[in-house]
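Enquirer: Residues in the sequence shown are numbered from 54 upward in steps of one, following our numbering.
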Amino acid sequence: MTRRCRFLLATSVLYVCSWAVGQESQWQPVELSNAGFEAPAPDQGIAEGWFLPPGDYKGDVAVSRDRARSGQASLMIRDRDEKAGMALRHVRLPATPGSRFRASCWVLCEAGRARLYLEFFNSANLRIFDKWAEGGEPAKWTELVVEGQAPPGTRTVSVLAYSTVSNVGLIYFDDFSLECVPGDEEEKPRGPIEVGDRRQLLFDDFFTERRQGLDIVVNPPRKTGKIFLRADKPWERLMINAWHTILEDPDPLDPSYRYRLWYETYAKVGDLGSALAYARSKDAIHWEKPNLGLIEFNGSRDTNLVFRGALGHGQHGGTVFIDPTAPAEERYKYIYLGGEAVCGAVSPDGLRWRPVAEDSDVLVKWGSDTQSTCFWDPDRHAYVAFLRSWSPRMVSRTESKNFRSFPNPVPVLAPDELDPPDTDLYNNAAVKYPYAGNAYFIFTSLYHHPSDKLWVELAVSRDSVEWARPWRQPFIPNGAEGEWDSGVIYRGVGLLRKGDELWLSYYGRVATHDTYGDKEYQGGYSYAVSRLDGFASMDAGPRLGELVTLPLVFSGRHLLLNLQTFEGGSTRVELQDADGKPLPGFSASDSAILRGDRVSLPVTWKGKSDLSELSGKPVRLRILLRRAKLYAFEFTKL
54 MTRRCRFLLA
64 TSVLYVCSWA
74 VGQESQWQPV
84 ELSNAGFEAP
94 APDQGIAEGW
104 FLPPGDYKGD
114 VAVSRDRARS
124 GQASLMIRDR
134 DEKAGMALRH
144 VRLPATPGSR
154 FRASCWVLCE
164 AGRARLYLEF
174 FNSANLRIFD
184 KWAEGGEPAK
194 WTELVVEGQA
204 PPGTRTVSVL
214 AYSTVSNVGL
224 IYFDDFSLEC
234 VPGDEEEKPR
244 GPIEVGDRRQ
254 LLFDDFFTER
264 RQGLDIVVNP
274 PRKTGKIFLR
284 ADKPWERLMI
294 NAWHTILEDP
304 DPLDPSYRYR
314 LWYETYAKVG
324 DLGSALAYAR
334 SKDAIHWEKP
344 NLGLIEFNGS
354 RDTNLVFRGA
364 LGHGQHGGTV
374 FIDPTAPAEE
384 RYKYIYLGGE
394 AVCGAVSPDG
404 LRWRPVAEDS
414 DVLVKWGSDT
424 QSTCFWDPDR
434 HAYVAFLRSW
444 SPRMVSRTES
454 KNFRSFPNPV
464 PVLAPDELDP
474 PDTDLYNNAA
484 VKYPYAGNAY
494 FIFTSLYHHP
504 SDKLWVELAV
514 SRDSVEWARP
524 WRQPFIPNGA
534 EGEWDSGVIY
544 RGVGLLRKGD
554 ELWLSYYGRV
564 ATHDTYGDKE
574 YQGGYSYAVS
584 RLDGFASMDA
594 GPRLGELVTL
604 PLVFSGRHLL
614 LNLQTFEGGS
624 TRVELQDADG
634 KPLPGFSASD
644 SAILRGDRVS
654 LPVTWKGKSD
664 LSELSGKPVR
674 LRILLRRAKL
684 YAFEFTKL
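1) Who are the near neighbours of Glu382 in its chain, counting only those whose CB is closer than 6 Å to its CB and skipping five residues on each side?
2) Ends of the beta strand (DSSP E) at Asn615?
3) State the Cα-Cα distance for the pair Leu507 and Thr657, rounded to the nearest angstrom.
4) For Ala381, does the three-state DSSP call read helix, strand or coil?
5) Among His369, Ser665 and Ala330, whose alpha-carbon lies nearest the alpha-carbon of Arg354?
6) Decide if Gly669 is buried, meaning its Cβ has at least 16 other Cβ atoms within 10 Å, or exposed.
7) Only counting runs of 3 or more residues, tell me where the beta strand (DSSP E) segments fall wholly within the segment 295–373, in order along the chain.
8) Round the Cβ separation of Ala398 and Lys418 to the nearest angstrom and send it over; I've been treating them as touching at under 8 Å.
9) Under DSSP, the beta strand (DSSP E) around Ser498 begins and ends at which residues?
10) Using three-state DSSP, classify Pro287 as helix, strand or coil.
11) Per DSSP, what are the beta-bridge partners of Tyr488 in this structure?
12) Counting only the same chain and skipping the five closest in sequence on each side, list residues whose C-beta sits under 6 Å from that of Leu347.
13) To which residues of the same chain is Glu341 closer than 8 Å at the C-beta, ignoring the five residues directly before and after it?
14) By DSSP, does Ser123 sit in helix, in strand, or in coil?
15) Along the chain, where does the beta strand (DSSP E) containing Gln81 start, and where does it finish?
16) I'd like to check one pair, Ala438 with Cys427: are the Cβ atoms closer than 8 Å?
17) Would you kindly check if the distance between the Cβ of Pro445 and the Cβ of Pro468 is under 8 Å?
18) Beta carbon of Ser127, beta carbon of Phe173: below 8 Å?
19) Would you list, in sequence order, the uninterrupted beta strand (DSSP E) runs of no fewer than 3 residues that lie entirely inside the segment 103–174?
20) Which residues bound the beta strand (DSSP E) around Lys184?
21) By alpha-carbon positions, which one of Leu605, Gln617, His143 and Gly621 ends up nearest to Phe260?
22) Whole angstroms are fine: how far does the CA of Gly236 sit from the CA of Asp302?
23) Would you call the segment 369–389 and the segment 284–301 touching, i.e. three or more CB-CB distances under 8 Å?
24) Considering only the alpha carbon of each residue, which of Gln79, Gly189, Leu613 and Lys184 lies closest to Val159?
25) Would you tell me roughly how many angstroms separate the C-alpha atoms of Asp636 and Leu197, rounded to the nearest one?
26) So Gly146 packs on Ser211, CB below 8 Å; how close in whole Å?
27) Could you tell me whether the Cβ atoms of His369 and Ser327 are closer together than 8 Å?
28) Would you kindly work out how many angstroms separate the C-alpha atoms of Gly249 and Ser514, rounded to a whole number?
29) Beta carbon of Arg142, beta carbon of Pro106: below 8 Å?
30) Compute the distance between the beta-carbons of Ser464 and Leu179, then report whether it is under 8 Å.
31) Using the Cα positions of Glu240 and Ala482, report the straight-line distance between them to the nearest angstrom.
32) By Cβ distance, which residues of its chain are closer than 6 Å to Met129, with the 5 residues on each side in sequence left out?
33) Nearest to Tyr500 by CA position, among Leu440, Ser453, Thr565 and Ala489, is which residue?
34) What residue does the beta strand (DSSP E) around Trp508 start on, and which one ends it?
35) Whole angstroms are fine: how far does the CA of Leu161 sit from the CA of Ser579?
36) Do you know offhand how far Leu674's Cα is from Tyr560's?
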């Protein structure tokens, strides 16, 4: 029996490290990209396959043709500050916990001391463990070697060339290498996946046993270009802020208003005391700001303000959510930043708020910012919250069984070398997708410091813990120069389903992030419209594509596909047993040819659609597509 450890390089080179169980483990080489710095430097960057980590550096990093241990080039680091270091990191490579790694390089130190780091990172691309070796002599090439074992939580490994903080110096690095002895834990095959009768999205390979001729692509929504809410009240004179929550939920004062909106307002420059305001709508397009008589502004209670904080903390960047498990007096919950802590409030109607406890509204002492989010997750039987962490800005997560206290959050999503240089993940706008199982999304705004602009990108997860950003492209892009949303874009919290569409609210403005001054911000809220289940899809071109799933156990009667075919396109579906053999009567040749554009397209085999006989048994789906987009599947009981 053999096991394989695969490392996919940025240069698309796949190196396979294998060994026989029961035999003596041997170091196996892992191919590094541009290990001797001989490849030409890219148009933007220092060396192909390497990048400069975030930091305030005072020095130079470059490929040198003056010194080389072998070949014609080496890496030169000139450190000009004894209080700061200089570094260059190789792109991260996949790694598994328990594997042992050995890294080496050769250094020549004309001045100062060199270090070689072996680094391990978690799913958020945060370094969780490292080992290093230090050395180097003037005018003599010296080898540095360091070994380390990947700890629990490891997802990737890298090597880093470093000039130590305690010196200024001129150091050359050359001939890097990395070796691996993979861990001895046997990979356990994934058993049948319980899908019940819930819809399942296809934004990754969670269900995939085999995929050929299909690409997983992101489908950016269509921006309407119309602002549905602007600042037009005295307490909104400076701006309505980006942070807002939108829900389909009848207004308690007039149930004919089916949609509700909570948003943040500021009255003037220098006033750091934001207020939470309320609006309502019958169609989600035309909004009313009712006079509620709850919160005073300039001596009058004719306002739509509902909250200014509790216990003297103030409030900023909050999210309202409905808690289906709570008693009536706490059905609505609000998580927000109050001072140096993340705080909570509760309400029977979303209008009248009180702190979560009489003596404290603090949920966790954490210096967050932007919009903190939270929701009740019935699959985890817990409240799940997403907050900001810093240096750089990133997304962190925490969960609790009660809405009174949370443990400190743990980073789950951070910028990395695949992002443009000098960027942060500004906010999260996290949501548990309500129309399918096992689907969570983060709509983070990527803050690009050089341009001072922000646009929305998409992150995906199956459990709210492990996150990925497979598509490094704008999901909701900035408008053209001069348009009302050309400066910044931030997603709000909430998804509105309107028929077979999802309406995603967002905030935009012309002013960029660091634009300050005694003026009104001309921003507002608008919608981006997506197909139901349509954030991502498996796409087939003119050649036949094939998806074979892992064994699935369902509890429905009929199979539906969210499918879009194009001219000349078609789809067939085969049902197989757990071993991959076609089930009698459900082969691809028995399948009706599916064409069209429907979110719930029924599958039939020679006119038969009832799958009751297979309910509760492990089956595989084999889906054949040509010129088509497959968004989701569902075994429905209807």
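All residues carry an ideal CB built from backbone N, CA and C; glycine is no exception.
Expert: Looking at the coordinates:
1) Taking the sequence shown and counting its residues from 1, one reaches residue 382 at position 329. The answer, listed in chain order, is Pro401.
2) By one-based count along the sequence shown, residue 615 stands at place 562. Per DSSP, Asn615 belongs to the beta strand (DSSP E) from His611 to Asp630.
3) As a first step, residue 507 must be located in the sequence shown, where it is residue number 454. As a first step, residue 657 must be located in the sequence shown, where it is residue number 604. Between the C-alpha atoms of Leu507 and Thr657 there is a straight-line separation of about 46 Å.
4) Reading the sequence shown from its first residue, position 328 is the one you call residue 381. Annotated three-state conformation of Ala381 is helix, per DSSP.
5) The count along the sequence shown starts at 1 and reaches residue 354 at position 301. Ranking the options by Cα distance to Arg354, first place goes to Ala330.
6) If you number the sequence shown from 1, residue 669 lands on position 616. So Gly669 counts as exposed.
7) As far as the segment 295–373 is concerned, its whole beta strand (DSSP E) runs of at least 3 residues are 312–319, 328–334 and 358–360.
8) If you number the sequence shown from 1, residue 398 lands on position 345. If you number the sequence shown from 1, residue 418 lands on position 365. With 8 Å as the limit, Ala398 and Lys418 do not qualify as a contact, their Cβ atoms being about 17 Å apart.
9) Numbered from its first residue, the sequence shown carries residue 498 at position 445. First-last of the beta strand (DSSP E) with Ser498: Tyr493 to His501.
10) Residue numbering aside, residue 287 sits at position 234 when the sequence shown is read from its first letter. It is helical.
11) One-based indexing of the sequence shown puts residue 488 at position 435. Paired residues: none, contrary to the question.
12) As a first step, residue 347 must be located in the sequence shown, where it is residue number 294. Leaving aside the five residues that flank Leu347 on each side, the residues in its chain whose CB is nearer than 6 Å to its CB run, in chain order, Val359.
13) Taking the sequence shown and counting its residues from 1, the one referred to as residue 341 is at position 288. Listed in chain order, the non-local C-beta contacts of Glu341 below 8 Å within the same chain comprise Tyr310, Ala332, Arg333 and Ser334, local neighbours out to five positions each way being set aside.
14) For this step, residue 123 is matched to residue 70 along the sequence shown. Ser123: coil per DSSP, three-state reduction.
15) Locating residue 81 in the sequence shown gives position 28, where the first residue counts as 1. Note, Gln81: beta strand (DSSP E), Gln81 to Val83.
16) Here residue 427 is taken as the residue at index 374 of the sequence shown, counted from 1. Here residue 438 is taken as the residue at index 385 of the sequence shown, counted from 1. Yes. Within cutoff.
17) Position 415 of the sequence shown, counted from the first residue, corresponds to residue 468. Position 392 of the sequence shown, counted from the first residue, corresponds to residue 445. By the CB criterion at 8 Å, Pro468 and Pro445 fall inside the cutoff.
18) Locating residue 127 in the sequence shown gives position 74, where the first residue counts as 1. Locating residue 173 in the sequence shown gives position 120, where the first residue counts as 1. No, these two residues do not count as a Cβ contact at 8 Å.
19) If you keep only unbroken beta strand (DSSP E) runs of at least 3 residues inside the segment 103–174, you get 112–117, 127–132, 139–143, 153–164 and 167–174.
20) As a working note, residue 184 is residue 131 in the sequence shown. DSSP places Lys184 in the uninterrupted beta strand (DSSP E) bounded by Arg180 to Gly188.
21) Reading the sequence shown from its first residue, position 207 is the one you call residue 260. Per the Cα distances, Leu605.
22) Along the sequence shown, read from residue 1 onward, the residue named residue 302 stands at position 249. Along the sequence shown, read from residue 1 onward, the residue named residue 236 stands at position 183. Approximately 51 Å between the Cα atoms of the pair.
23) Short answer: they touch.
24) Along the sequence shown, read from residue 1 onward, the residue named residue 159 stands at position 106. According to the sequence displayed, residue 159 carries Trp and not Val. Checking every option, the nearest Cα to that of Trp159 belongs to Gly189.
25) On the sequence shown, position 583 is the one that residue 636 refers to. On the sequence shown, position 144 is the one that residue 197 refers to. Here the sequence assigns Leu to residue 636, which means Asp is not the residue at that position. Spanning the two alpha carbons is a distance of roughly 59 Å.
26) Working through the sequence shown from its first residue, we reach residue 146 at position 93. Working through the sequence shown from its first residue, we reach residue 211 at position 158. This sequence places Leu at residue 146; Gly is not what is there. Right, their Cβ atoms sit about 7 Å apart.
27) On the sequence shown, residue 369 is found 316 positions in, with the first residue counted as 1. On the sequence shown, residue 327 is found 274 positions in, with the first residue counted as 1. Judged by beta-carbon spacing, Ser327 lies within the 8 Å limit of His369, meaning their Cβ atoms are closer than that value.
28) By one-based count along the sequence shown, residue 249 stands at place 196. By one-based count along the sequence shown, residue 514 stands at place 461. If you take the alpha carbons of Gly249 and Ser514, they lie about 19 Å apart.
29) As a first step, residue 142 must be located in the sequence shown, where it is residue number 89. As a first step, residue 106 must be located in the sequence shown, where it is residue number 53. Taking 8 Å as the Cβ cut-off, Arg142 and Pro106 qualify as a contacting pair.
30) For the purposes of this step, residue 464 is identified with residue 411 of the sequence shown, where counting begins at 1. For the purposes of this step, residue 179 is identified with residue 126 of the sequence shown, where counting begins at 1. Note that residue 464 is Pro in the sequence shown here, rather than Ser. In this structure, Pro464 sits near Leu179, with a CB-CB distance shorter than 8 Å.
31) In the sequence shown, residue 240 corresponds to position 187, counting from 1. In the sequence shown, residue 482 corresponds to position 429, counting from 1. Because the pLDDT at Glu240 is just 49, under 50, the model does not fix this residue reliably, and the point stays unresolved.
32) Here residue 129 refers to the residue found at position 76 when the sequence shown is read from its first residue. So the qualifying residues of the chain are Ala115, Ser117 and Tyr225.
33) Position 447 of the sequence shown, counting from 1, holds the residue named residue 500. Residue nearest to Tyr500 within the set Leu440, Ser453, Thr565 and Ala489 is Thr565 (criterion: CA-CA distance).
34) As a working mapping, residue 508 is identified with position 455 in the sequence shown. If you look at Trp508, you'll find it in the beta strand (DSSP E) that goes Lys506 to Ser514.
35) Position 526 of the sequence shown holds residue 579. Position 108 of the sequence shown holds residue 161. C-alpha of Ser579 to C-alpha of Leu161: approximately 57 Å in a straight line.
36) To locate residue 674, count along the sequence shown from 1; it is residue 621. To locate residue 560, count along the sequence shown from 1; it is residue 507. Each residue's CA atom was taken as its position, placing Leu674 and Tyr560 some 40 Å apart.
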